[in-house]
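Counting from 1, position 125 in the sequence shown corresponds to residue 125 in full-length UniProt numbering; the numbering is continuous, with no gaps. Every residue, glycine too, gets a C-beta built ideally from N, C-alpha and C. Notes follow once the structure below has been shown.
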Amino acid sequence: MASGTRGPRGPYRTGIKTREQIVLAAAKAFGEKGYRAASLRQIATDVGLSPAALLRHFERKEDLLAAVLNWWEDETAHRENPDLQGLRAIDQLRTSMAYHLEHRGLLELFITLTSEAAANPEHPARDFVRRRYAQVVRTKTDQLLQAVQTGEIPPLTEADAESDIRALLAVMDGLELQWLLDPNMDLVGTFNRYLDHALACWRAGTRPMP
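Listed below in structure tokens is the structure:
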């Protein structure tokens with residue numbers, strides 16, 4: 001008799017599927033209406049559950065938000081090759097922008113929650129958003145400094161490298177927000193032109209200006 005590992009069966013498997021459906025519905029609701037305005041009652045209705053049934057899976061709205069953020073992180077992970085260094089690693093931001101273009105809902109979710117968290121120190125997503133930004137800034141700054149260390153670009157102080165990366169990410173965020181307001185805008189093309197400008201400036205030993 002062949003042996004192997006089987007996945008969850010019966011009620012447990014059904015429970016996992018229901019949780020996944022709730023998380024997807026919540027992600028859509030949070031992205032469209034914001035965390036505060038989205039109601040558990042409406043999310044439950046969207047997946048064909050009563051509010052009481054939803055609460056058996058997520059006792060608090062904050063618990064559901066945590067599940068949504070974990071889902072978002074999983075969905076947006078592994079877009080870049082971790083083996084690339086220097087400017088080639090930074091150039092992978094083109095891939096991230098193209099991914100956002102193809103997954104508008106994920107972008108809406110992040111922009112909405114980021115805006116709410118920035119305005120409210122007590123927002124339950126604030127720590128997640130701050131950690132996410134700090135991680136991206138650190139990673140991209142290190143990649144820019146790698147380009148200095150390998151002689152790919154002229155010397156650049158760590159403070160200047162971090163400042164340039166923050167400006168680059170601000171351009172990225174700003175263009176994404178504009179695209180959400182005007183989907184006819186050439187999001188990828190506009191960002192790629194600015195990234196080309198930034199890369200050319202670093203190679204020439206000058207500072208890119210947004």
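Check, Outcome
"Coarse secondary structure for N192, derived from DSSP in three states", "helix"
"Whole-Å CB distance - I165 paired with T141, under 8 Å assumed", "5 Å"
"Helix, strand or coil at I90 [DSSP, three-state]", "helix"
"Whether Q85 touches Q146 by CB criterion (7 Å)", "yes"
"Cβ neighbours of residue 242 in the same chain (closer than 6 Å, five flanking residues each side left out)", "Here the chain covers residues 1 to 210 and nothing more, so residue 242 does not appear."
"Any 3 or more C-beta pairs closer than 8 Å across the region 77-97 and the region 113-124", "no"
"Closest residue to A161 among V68, L177, A198 and E20 (Cα-Cα distance)", "A198"
"Boundaries of the alpha helix (DSSP H) in which M172 is found, first to last residue", "E158 to L181"
"Presumed contact (8 Å Cβ cut-off) between L55 and A26, rounded CB distance", "In fact, because the Cβ distance is near 13 Å, the residues do not count as touching under 8 Å."
"Contact check, G31 vs E108, beta carbons under 7 Å", "yes"
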